[in-house]
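If you read the sequences in order, they're chains F and D. Each residue of the first sequence is one higher than the last, beginning at 12 in our numbering. Each residue of the second sequence is one higher than the last, beginning at 92 in our numbering. Ideal Cβ placement from N, Cα and C applies to all residues, glycine included. Some notes on the structure that comes next.
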Amino acid sequence: MPRIGVFVCWCGSNIAGTVDVSTVSEAVKNEQGVVFSTNYQYMCSQSGQDIIKNAIRKHNLTGIVVCSCSPRMHEATFRKTAAAAGLNPYMVEIANIREQCSWVHKDMLTGTQKAIVLTKAAIAKVNLNSPLTPGESPVTKRALVIGGGIAGIQTALDIADAGFPVDIVETKPTIGGKMAQLDKTFPTLDCAACILTPKMVDAAQNDKIRIYSYSEVEEVNGFVGNFDVKIRRKARYVKEELCTGCGLCTEKCPQKKVPNEFNMGMDNRRAIYIPFAQAVPKVATIDADYCTMLKTGKCGVCSKVCTAGAIDYKQKDEIITERYGAIVAATGFNPISMDKFDEYAYSQSKDVITSLEFERLTNAAGPTAGKLLRPSDGKHPHTVVFVQCVGSRCAAAEKGKEYCSKICCMYTAKHAMLIRDKYPDVEVYVFYIDVRTPGKNFDEFYRRAVEEYGVHYIKGMVGKVSPEGDVLKVQASDLIANKQLHIDADLVVLAAAIEPDKSARSLATMLTASMDTNDFFTEAHPKLRPVESPTAGVFLSGACQGPKDIPETVSQAGAAASKVIGLLAKDKLIGNPCIAHSDEMMCNGCSSCERVCPYGAITYVNKEFRMPDRTTLVRRVASVNEAVCQGCGACTVACPSGAMDLRGFTAQQIMSEVDAICK
Amino acid sequence: MHNKDNVTERVLRISGVNARRCMKCGKCSASCPSYDEMEYHPHQFVYMVESGDVEPLLNSRSIYKCLTCFACVDRCPRGVEPVKLVEAIRLEVIREQGANHLRADDVPAKIDEDVPQQLLVSAFRKYAK
Numbered sequence: 012m013p014r015i016g017v018f019v020c021w022c023g024s025n026i027a028g029t030v031d032v033s034t035v036s037e038a039v040k041n042e043q044g045v046v047f048s049t050n051y052q053y054m055c056s057q058s059g060q061d062i063i064k065n066a067i068r069k070h071n072l073t074g075i076v077v078c079s080c081s082p083r084m085h086e087a088t089f090r091k092t093a094a095a096a097g098l099n100p101y102m103v104e105i106a107n108i109r110e111q112c113s114w115v116h117k118d119m120l121t122g123t124q125k126a127i128v129l130t131k132a133a134i135a136k137v138n139l140n141s142p143l144t145p146g147e148s149p150v151t152k153r154a155l156v157i158g159g160g161i162a163g164i165q166t167a168l169d170i171a172d173a174g175f176p177v178d179i180v181e182t183k184p185t186i187g188g189k190m191a192q193l194d195k196t197f198p199t200l201d202c203a204a205c206i207l208t209p210k211m212v213d214a215a216q217n218d219k220i221r222i223y224s225y226s227e228v229e230e231v232n233g234f235v236g237n238f239d240v241k242i243r244r245k246a247r248y249v250k251e252e253l254c255t256g257c258g259l260c261t262e263k264c265p266q267k268k269v270p271n272e273f274n275m276g277m278d279n280r281r282a283i284y285i286p287f288a289q290a291v292p293k294v295a296t297i298d299a300d301y302c303t304m305l306k307t308g309k310c311g312v313c314s315k316v317c318t319a320g321a322i323d324y325k326q327k328d329e330i331i332t333e334r335y336g337a338i339v340a341a342t343g344f345n346p347i348s349m350d351k352f353d354e355y356a357y358s359q360s361k362d363v364i365t366s367l368e369f370e371r372l373t374n375a376a377g378p379t380a381g382k383l384l385r386p387s388d389g390k391h392p393h394t395v396v397f398v399q400c401v402g403s404r405c406a407a408a409e410k411g412k413e414y415c416s417k418i419c420c421m422y423t424a425k426h427a428m429l430i431r432d433k434y435p436d437v438e439v440y441v442f443y444i445d446v447r448t449p450g451k452n453f454d455e456f457y458r459r460a461v462e463e464y465g466v467h468y469i470k471g472m473v474g475k476v477s478p479e480g481d482v483l484k485v486q487a488s489d490l491i492a493n494k495q496l497h498i499d500a501d502l503v504v505l506a507a508a509i510e511p512d513k514s515a516r517s518l519a520t521m522l523t524a525s526m527d528t529n530d531f532f533t534e535a536h537p538k539l540r541p542v543e544s545p546t547a548g549v550f551l552s553g554a555c556q557g558p559k560d561i562p563e564t565v566s567q568a569g570a571a572a573s574k575v576i577g578l579l580a581k582d583k584l585i586g587n588p589c590i591a592h593s594d595e596m597m598c599n600g601c602s603s604c605e606r607v608c609p610y611g612a613i614t615y616v617n618k619e620f621r622m623p624d625r626t627t628l629v630r631r632v633a634s635v636n637e638a639v640c641q642g643c644g645a646c647t648v649a650c651p652s653g654a655m656d657l658r659g660f661t662a663q664q665i666m667s668e669v670d671a672i673c674k
Numbered sequence: 092m093h094n095k096d097n098v099t100e101r102v103l104r105i106s107g108v109n110a111r112r113c114m115k116c117g118k119c120s121a122s123c124p125s126y127d128e129m130e131y132h133p134h135q136f137v138y139m140v141e142s143g144d145v146e147p148l149l150n151s152r153s154i155y156k157c158l159t160c161f162a163c164v165d166r167c168p169r170g171v172e173p174v175k176l177v178e179a180i181r182l183e184v185i186r187e188q189g190a191n192h193l194r195a196d197d198v199p200a201k202i203d204e205d206v207p208q209q210l211l212v213s214a215f216r217k218y219a220k
């Protein structure tokens, strides 16, 4: 027989102000199983907890009901109290008579009646509770970081710094990401490469970090603490361990007409290439789409000039499998395509460029060696127009993105300032809707562009850009002057909206991590758990979670690393015992539960059943992975045969609560 | 002549425009080929309708200067469709007895042999009840 104790908390006047607590503790005295009932001013206080502990020991209680605040607040507290007195912590039920009762009612009578009903429901449930023991699972002490931009590099460095091995998987031939392409960084204008490349080298030299460049995650299985990941190492047709990065092959390769993606296609590279001078690893890669040898079998120049014997035309993709305790998504962003913005003539004129292209144009290692020259004719521009919010804050989903891309206001101020600094003869116009510069020293930076550098900021949008001869006719609004402006520009720079990298969608599917409508990864809580995915063991770093600048990315990368370290530092993971389990005798193998499970915790197995007539029967039944299940209960609702149930929240327990309320 | 409260409501209803979606970027006015002909510009139409200040628009020549080219509709990042407000306000005016902007009597004086007949028909549709 259950022996149940009821403890009604006053919570000072929070509860006692609207609920007559002694009436409550008196009213439930004769409920089924109740052998003890009391009330106290602050049940969560040390002396309140002592009342509970003493009662458990004195009355040999098998279950307790605490009538207090929301279980979110103090369920863990009272579970610990019960455990300290030798009672299984899952024999504790909380009746929420504060948030769901005293705080929402004004009338003492109604409040008290409702509190009694809620308490009776909790008593009815605890009568059916059974002791639960959480499962344990080991933790593989190795982390995987997907994406080798500044977010991934910083996360990996911080994890390695704590002594845990970490692998970076990067789809490009080198790590560095977008930051490697930038010229200067706001708001201090230090050179991006100067602050990034030392970090790249640190990552390469750290014996805890392995870099899988030119590689992609192919498959993810397992669960928090034990993810089994298949990584495809794409054939680069160069033996990484032999290549010295001398670059001779990249000078001799006769295929010279390959658009150079590192310079945003504004110049060409060879078919065998090293993306940039500070690439990590500094190893050549053959672009199979352009290599004559790979396409026709006739060439082999790179192989002839390579003194290290590193060229291997027969190299194949290689799949490696590794186990990880934690996974960090750091897949980053890309500017959106400008195809849908015909009004800005991006596809008609070479002199209409995106901001990322402008970064390469002002970069000393870029196609113009850092000189500001028009892409069309290589002439010095005299008037440059910047257009903000191209595709950002755009309600039409087929054209742009509804959100603010966040980084454009600052980089445009930076670009404008850099032009005026180097070339005071150039007139610079920035057309904006709003200038959004929250951030340390950010607004000051923007104001400097206006006040010290004389950049013309104009409130209004550009309506159209039409190339006429060698000028770009810019027609725009000046909303403050209430005028339509016509400017003859030599160069137009579009602040294109940014979007998550395309790979994020398939990665989210592999990780069963959730995404929002824009394909940004969703965090477990927008304020309180910003670097964790709702999927256990998956963490988020950088712009894959939302638009971010470098300072913000680096702080988030560190935060994600600390969460990973917290996980890897554990020897084993204590699970939540309130998880789904399937009654195999009732399961009809329909797969409904597998389809609704958001965590991928349910698999189907063929199981042998011994029949009463001594024959055996193999049936397909659901099997719940206890380490992955989060206890959401979706499967219990989906199951048509009633085989799925949630421990601690069985259908029987819930129905008994409903019955108690309806009585 | 026009009930002040009702006219704003009617203009919004006829046009189907939700003026609150406007984020005041001015791209409509930046795109407008008739900008210099207009006393009130497309973004002002949106703002004035939103704030219930329709009277000046009803009395302005601007409503006849709009070419209905739909550039503002095409380029508005928020899908506001300013031209529909201009159209609705013009309708509001010409629906009044005797308020036709184009009268049959005026046509012979304006006629030009290069003008296609279709244009006359559409002009009547647009500027007369």
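I want to verify the contact list: residues of chain D whose CB lies under 8 Å from the CB of F/Cys405, in sequence order.
The residue labelled residue 405 of chain F in the question sits at position 394 within the first sequence. Under the 8 Å cutoff, chain D gives Pro168, Arg169.
Quick check on DSSP: helix, strand or coil for D/Ser153?
As a working note, residue 153 of chain D is residue 62 in the second sequence. Note: D/Ser153 maps to helix in three-state DSSP.
On the three-state DSSP scale, how would you describe F/His85?
Walking along the first sequence from the start, residue 85 of chain F turns up at place 74. DSSP places F/His85 in helix when its eight states are reduced to three.
Go ahead and label F/Asn617 buried or exposed: buried means 16 or more other beta carbons lie within 10 angstroms of its beta carbon, across all protein chains shown.
If you number the first sequence from 1, residue 617 of chain F lands on position 606. Around the beta carbon of F/Asn617, fewer than 16 other beta carbons lie within 10 angstroms, which makes this residue exposed.
With distances taken Cα to Cα, identify the nearest neighbour of F/Phe660 among F/Arg68, F/Val103, F/Thr92.
Position 649 of the first sequence, counting from 1, holds the residue named residue 660 of chain F. Looking at the Cα atoms, F/Val103 is the closest of the given residues.
For chain F, is any of its Cβ atoms less than 8 Å away from the one on D/Lys118?
Working through the second sequence from its first residue, we reach residue 118 of chain D at position 27. For D/Lys118, the nearest beta carbon of chain F is closer than 8 Å to its own beta carbon.
Run through chain D and tell me which residues come within less than 9 Å of F/Ser667, C-beta to C-beta.
In the first sequence, residue 667 of chain F corresponds to position 656, counting from 1. Under the 9 Å cutoff, chain D gives no residues; its nearest Cβ is about 50 Å from F/Ser667.
Counting pairs of beta carbons, one from the region 587-600 of chain F and one from the region 447-457 of chain F, are three or more of them closer than 8 Å?
no
Starting from F/Lys210, follow the alpha helix (DSSP H) in both directions and report where the run begins and ends.
Position 199 of the first sequence, counted from the first residue, corresponds to residue 210 of chain F. That run of the alpha helix (DSSP H) goes 203-216.
Contact check, F/Ile62 vs F/Phe18 under 8 Å by CB: the rounded distance?
Walking along the first sequence from the start, residue 62 of chain F turns up at place 51. Walking along the first sequence from the start, residue 18 of chain F turns up at place 7. That pair is a contact at about 7 Å.
Could you pull the DSSP bridge partners for F/Lys484 from this structure?
Residue 484 of chain F sits at position 473 when you count from the first residue of the first sequence. Partner(s): F/Ser477, F/Asp499.
Three or more C-beta pairs under 8 Å: does that hold for the region 347-364 of chain F against the region 492-504 of chain F?
Here the region 347-364 of chain F lies against the region 492-504 of chain F, with 3 or more beta-carbon pairs under 8 Å apart.
Could you tell me which of F/Val635, F/Gly74, F/Arg621 sits nearest to F/Val629, measuring between CA atoms?
As a working mapping, residue 629 of chain F is identified with position 618 in the first sequence. Out of F/Val635, F/Gly74, F/Arg621, F/Arg621 has the C-alpha closest to the C-alpha of F/Val629.
Grab the span of the alpha helix (DSSP H) containing F/Ile665 for me, first residue to last.
Within the first sequence, numbered from 1, the residue matching residue 665 of chain F stands at position 654. Residues 662-673.
By DSSP, does D/Ile105 sit in helix, in strand, or in coil?
Start at 1 with the first residue of the second sequence, and residue 105 of chain D comes out as number 14. Of the three classes helix, strand and coil, the one that applies to D/Ile105 here is helix, per DSSP.
DSSP on F/Leu120, reduced to helix/strand/coil?
For the purposes of this step, residue 120 of chain F is taken as the residue at position 109 of the first sequence. Three-state result, F/Leu120: helix.
Return the CA-CA distance between F/Cys112 and F/Lys195, expressed in angstroms with no decimal places.
For the purposes of this step, residue 112 of chain F is taken as the residue at position 101 of the first sequence. For the purposes of this step, residue 195 of chain F is taken as the residue at position 184 of the first sequence. C-alpha separation (whole angstroms): 57 Å.
Indicate the three-state DSSP secondary structure (helix, strand or coil) for F/Lys64 in the structure shown.
By one-based count along the first sequence, residue 64 of chain F stands at place 53. Residue state, collapsed to three classes: helix.
Ignore the nearest five residues each way along the sequence and tell me which others in F/Asp594's own chain have a CB closer than 6 Å to its CB.
Here residue 594 of chain F refers to the residue found at position 583 when the first sequence is read from its first residue. Around F/Asp594: Ala654.
Using DSSP with H/G/I as helix, E/B as strand and the rest coil, what is F/Asp489?
As a first step, residue 489 of chain F is located in the first sequence; it is residue number 478 there, counting from the start. Here F/Asp489 sits in strand by DSSP.
Taking its Cβ as the centre, do 16 or more other Cβ atoms sit within 10 Å of F/Gln556, making it buried, or is it exposed?
If you number the first sequence from 1, residue 556 of chain F lands on position 545. Label assigned to F/Gln556: buried.
By how many angstroms is the C-alpha of F/Val150 removed from the C-alpha of F/Ile347?
For this step, residue 347 of chain F is matched to residue 336 along the first sequence. For this step, residue 150 of chain F is matched to residue 139 along the first sequence. Straight-line Cα distance between these residues: approximately 39 Å.
Take F/Thr394 and list the residues in its own chain whose beta-carbon comes closer than 6 Å to its own, dropping the five residues that flank it on each side.
As a position in the first sequence, residue 394 of chain F is number 383, starting the count at 1. Correct list, in chain order: Glu438, Ala500, Asp501.
With a threshold of 8 Å between beta-carbons, can D/Asp127 be considered close to chain F, or not?
For the purposes of this step, residue 127 of chain D is taken as the residue at position 36 of the second sequence. Output row for D/Asp127: interface = yes.
Checking contacts by CB at 8 Å: is F/Glu510 closer than that to chain D?
The residue labelled residue 510 of chain F in the question sits at position 499 within the first sequence. With 8 Å as the cut-off, F/Glu510 does not count as an interface residue toward chain D.
Using DSSP with H/G/I as helix, E/B as strand and the rest coil, what is D/Leu211?
Within the second sequence, numbered from 1, the residue matching residue 211 of chain D stands at position 120. Here DSSP, grouped into helix, strand and coil, assigns D/Leu211 to helix.
On a Cα-Cα basis, can you pick out the residue from F/Ile285, F/Met275, F/Tyr248 that is closest to F/Thr261?
Position 250 of the first sequence, counted from the first residue, corresponds to residue 261 of chain F. Per the Cα distances, F/Ile285.
Taking 8 Å as the threshold (beta carbon to beta carbon), is D/Ser122 in contact with chain F?
On the second sequence, residue 122 of chain D is found 31 positions in, with the first residue counted as 1. Judged by the 8 Å Cβ criterion, D/Ser122 is in contact with chain F.
In chain F, which residues lie less than 7 Å from D/Met114 when you measure between Cβ atoms?
As a working mapping, residue 114 of chain D is identified with position 23 in the second sequence. Near D/Met114 (Cβ distances below 7 Å), the residues of chain F are Arg404, Ile444.
Would the beta-carbon of F/Ala288 fall within 8 Å of that of F/Ala376?
Walking along the first sequence from the start, residue 288 of chain F turns up at place 277. Walking along the first sequence from the start, residue 376 of chain F turns up at place 365. Yes, Cβ-Cβ distance for F/Ala288 and F/Ala376 is below 8 Å.
Based on Cα-Cα distance, which residue from D/Val174, D/Glu204, D/Ser151 lies nearest to D/Val129?
Working through the second sequence from its first residue, we reach residue 129 of chain D at position 38. Looking at the sequence provided, one finds Met at residue 129 of chain D rather than Val. Looking at the Cα atoms, D/Ser151 is the closest of the given residues.
Buried or exposed: F/Met472, going by 16 or more other Cβ atoms within 10 Å of its Cβ?
On the first sequence, position 461 is the one that residue 472 of chain F refers to. Buried, because 16 or more other Cβ atoms sit within 10 Å of the Cβ of F/Met472.
Below 8 Å on the Cβ atoms is my guess for F/Arg5 versus F/Pro378; work out the distance and round it to an integer in Å.
Any question about residue 5 of chain F goes unanswered here, given that chain F covers just 12 to 674.
Report yes if the C-beta distance between F/Leu143 and F/Cys589 is below 8 Å; otherwise report no.
Numbered from its first residue, the first sequence carries residue 143 of chain F at position 132. Numbered from its first residue, the first sequence carries residue 589 of chain F at position 578. Result yes, Cβ atoms of F/Leu143 and F/Cys589 sit closer than 8 Å.
In chain F, which residues lie less than 8 Å from D/His134 when you measure between Cβ atoms?
Sequence index remark: in the second sequence, residue 134 of chain D carries index 43 (1-based). Those within 8 Å of D/His134 in chain F are Ser488, Leu490.
Expressed to the nearest angstrom, what Euclidean distance is found between the alpha-carbon atoms of F/Gln663 and F/Met12?
The residue labelled residue 663 of chain F in the question sits at position 652 within the first sequence. The residue labelled residue 12 of chain F in the question sits at position 1 within the first sequence. Rounded to the nearest angstrom, the two C-alpha atoms are 18 Å apart.
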